[in-house]
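Chemist:
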Amino acid sequence: MPTASAPSFSLVAHIRRLSTAGSVLYIRIDNSDISRLGLRHGEQVKINLGRVHITGIVKTSGGSPWLAPVPGGSNVAMTAALRGAGFEHGMDASATVRSLCSGPEPSSASSFHPALAVPQTTISSQRGLGFRITSNDAVKAVRDYNRGSYRGRMNVDLDREAYNRFRKGLSNELDELANQIAFVGEQYGGAQERFLPHAVRVEAVLIARNLHGVIDQWLKAVTEAKPLIEDVPDEGTLKSLFSPFTATKQWGVWASKTLHFLRPDAFPILDSNAKKPLGLRHLVGSSRDYHQFCFHLRNVLLANSDALAAARAADNLESPTDLKLLDKVLYQLGLRMK
23 MPTASAPSFS
33 LVAHIRRLST
43 AGSVLYIRID
53 NSDISRLGLR
63 HGEQVKINLG
73 RVHITGIVKT
83 SGGSPWLAPV
93 PGGSNVAMTA
103 ALRGAGFEHG
113 MDASATVRSL
123 CSGPEPSSAS
133 SFHPALAVPQ
143 TTISSQRGLG
153 FRITSNDAVK
163 AVRDYNRGSY
173 RGRMNVDLDR
183 EAYNRFRKGL
193 SNELDELANQ
203 IAFVGEQYGG
213 AQERFLPHAV
223 RVEAVLIARN
233 LHGVIDQWLK
243 AVTEAKPLIE
253 DVPDEGTLKS
263 LFSPFTATKQ
273 WGVWASKTLH
283 FLRPDAFPIL
293 DSNAKKPLGL
303 RHLVGSSRDY
313 HQFCFHLRNV
323 LLANSDALAA
333 ARAADNLESP
343 TDLKLLDKVL
353 YQLGLRMK
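If you count the sequence shown from 1, position 144 lands on 166 in our numbering, and the numbers rise without skipping.
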């Protein structure tokens, strides 16, 4: 005797971009539909848009509820399915939704399984998931950052030099590679000399030697990383990327800043001020801590697209990505906190 499937209910599916300047699409759901239908955060559902079926995970934290990918897929795959069915940013479609919590999704040629869900067991704290930034706060923070200075240099000048130094990747020449690493440690706050038995430059040379021995595979991992808005690097990859930054001690912040200048769309800066407003002061510099930090930053990116759009308009094209914009905002918010 066949098992009865869960009933379907009507709702409106809003097709939107994950970021204003991006091309990746997702499905937003009205709060009223979430409440009316009793949909729960973390519930797996199948949305039938007529021309395509999308399976995903309901996410209700962060303001506007949305459909996250399921394990094994990606937001890029969801985008391909939506565009293949003729859907684009700004479209609102009448749809039906069916809960899949009562059993596994039946196989079907018309079904499409997107996604990249954030494994709930990976994150010990959910504090960053609902963090919201107003447009006014985002604009003020970006303007303050762009007018500010660090160690006697304007922030924007220091940022420009950093991105320019890493524009062509890491140097294969050991001396120049040491110069790149030393810049991050000395000029951009990747390391503090009071924690060292020698100059930061000496530590940079040790890190450069570590990197030089694995540079091809290390850069391959950096290049293949997806933008953070689409996926979070796995712990194994981050462990490998952080490994060369262990010399006299482990330098997680130094590693994250170097990674950011190489891929400002994929790797956030693990900064003490950025951690404060998210309630993540407990995170230190291990690759596991950075993995958790990346999960939080991705959710903040998704939850604050409007604020980041306002910040982008005030930024005068100084930031290469929304991830850098968010770094500026969190940095300034953290400066105001004790």
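Ideal Cβ placement from N, Cα and C applies to all residues, glycine included.
Model, not experiment: these values are computed from the prediction.
Closer than 7 Å by C-beta to A213: which residues in its own chain qualify, once you throw out the five before and the five after it? Chain order, please.
Modeler: Here residue 213 is taken as the residue at index 191 of the sequence shown, counted from 1. So the qualifying residues of the chain are G207, V222, E225, W273 and W276.
Chemist: Excluding the 5 residues preceding and the 5 following P290 in the sequence, name in chain order all residues of the same chain whose CB lies nearer than 8 Å to its CB.
Modeler: To locate residue 290, count along the sequence shown from 1; it is residue 268. Correct list, in chain order: L250, S278, H282, A296, F315, C316, L319, L345, L348 and D349.
Chemist: Let's see if you can read the secondary structure: which residues bound the beta strand (DSSP E) around V236?
Modeler: Working through the sequence shown from its first residue, we reach residue 236 at position 214. Per DSSP, V236 belongs to no beta strand (DSSP E) and is neither H nor E.
Chemist: Going straight from the alpha carbon of A331 to that of G108, what length do you get?
Modeler: Taking the first residue of the sequence shown as 1, we reach residue 331 at position 309. Taking the first residue of the sequence shown as 1, we reach residue 108 at position 86. Going from the Cα of A331 to the Cα of G108 covers about 26 Å.
Chemist: For the alpha helix (DSSP H) containing G356, list its first residue and its last residue.
Modeler: Taking the first residue of the sequence shown as position 1, residue 356 is located at position 334. From DSSP, the alpha helix (DSSP H) with G356 extends over D344 to L357.
Chemist: Exposed or buried, K190, counting other C-beta atoms within 10 Å across all chains shown (16 or more means buried)?
Modeler: Against the sequence shown, residue 190 aligns to sequence position 168. Counting Cβ neighbours within 10 Å, K190 comes out exposed, since fewer than 16 surround it.
Chemist: Excluding the 5 residues flanking D337 on each side, which residues of the same chain have their C-beta closer than 6 Å to its C-beta?
Modeler: The count along the sequence shown starts at 1 and reaches residue 337 at position 315. Only V164 meet the Cβ criterion.
Chemist: Report the rounded CA-to-CA distance for G170 versus N158, giving the unit in angstroms.
Modeler: Taking the first residue of the sequence shown as position 1, residue 170 is located at position 148. Taking the first residue of the sequence shown as position 1, residue 158 is located at position 136. Cα-Cα distance, rounded: 18 Å.
Chemist: Is the beta carbon of S116 sitting closer than 8 Å to the one on V46?
Modeler: Position 94 of the sequence shown, counted from the start, is the residue given in the question as residue 116. Position 24 of the sequence shown, counted from the start, is the residue given in the question as residue 46. The answer is no: Cβ separation not under 8 Å.
Chemist: Beta-carbon of L330 versus every beta-carbon of chain B: anything under 8 Å?
Modeler: Absence of chain B from the displayed structure is noted, only one protein chain being present.
Chemist: Please list, in chain order, all residues of the same chain as D311 whose beta carbon is under 6 Å from its beta carbon, the five residues on each side excluded.
Modeler: Mapped onto the sequence shown, residue 311 falls at position 289. Excluding residues within five positions, the ones whose Cβ falls inside 6 Å are L305.
Chemist: Below 6 Å CB to CB, which residues in the same chain sit around S32 once its five sequence neighbours on both sides are set aside?
Modeler: Translated into the one-based positions of the sequence shown, residue 32 becomes position 10. Hits under 6 Å: T118.
Chemist: So, with DSSP's three-state summary, where would you put R216?
Modeler: By 1-based counting over the sequence shown, the position of residue 216 is 194. R216: helix per DSSP, three-state reduction.
Chemist: Do G64 and V80 come within 8 Å of each other at the CB atom, strictly closer than that value?
Modeler: Looking up residue 80 in the sequence shown gives position 58. Looking up residue 64 in the sequence shown gives position 42. Yes, they are a contact pair.
Chemist: Is it buried or exposed, L339, if we count other Cβ atoms within 10 angstroms and call 16 or more buried?
Modeler: On the sequence shown, position 317 is the one that residue 339 refers to. Residue burial annotation: L339 is exposed, with fewer than 16 other C-beta atoms found within 10 angstroms of its C-beta.
Chemist: Within 8 Å, do at least three Cβ pairs link the segment 259-271 to the segment 224-239?
Modeler: yes
Chemist: Is it the case that the Cβ atoms of Q202 and C123 are separated by a distance below 8 Å?
Modeler: Along the sequence shown, one-based indexing puts residue 202 at 180. Along the sequence shown, one-based indexing puts residue 123 at 101. For Q202 and C123, no; Cβs fall outside 8 Å.
Chemist: For R50, which residues of its own chain have a beta-carbon under 6 Å away from its beta-carbon, when the five flanking residues on both sides are left out?
Modeler: Your numbering for residue 50 matches position 28 in the sequence shown. So the list reads H36, R38, S86 and W88, once near-sequence residues are dropped.
Chemist: Among V161, L40 and A329, which residue has its Cα nearest to the Cα of V98?
Modeler: What you label residue 98 is simply residue 76 of the sequence shown in a count that begins at 1. Of the listed residues, the one whose Cα sits closest to V98 is L40.
Chemist: Quick check on DSSP: helix, strand or coil for K66?
Modeler: On the sequence shown, position 44 is the one that residue 66 refers to. The displayed chain sequence assigns Gln, not Lys, to residue 66. Strand at Q66.
Chemist: If the criterion is Cβ atoms closer than 8 Å, does the pair A160 and A333 meet it?
Modeler: Numbered from its first residue, the sequence shown carries residue 160 at position 138. Numbered from its first residue, the sequence shown carries residue 333 at position 311. A contact, by the Cβ cut-off of 8 Å.
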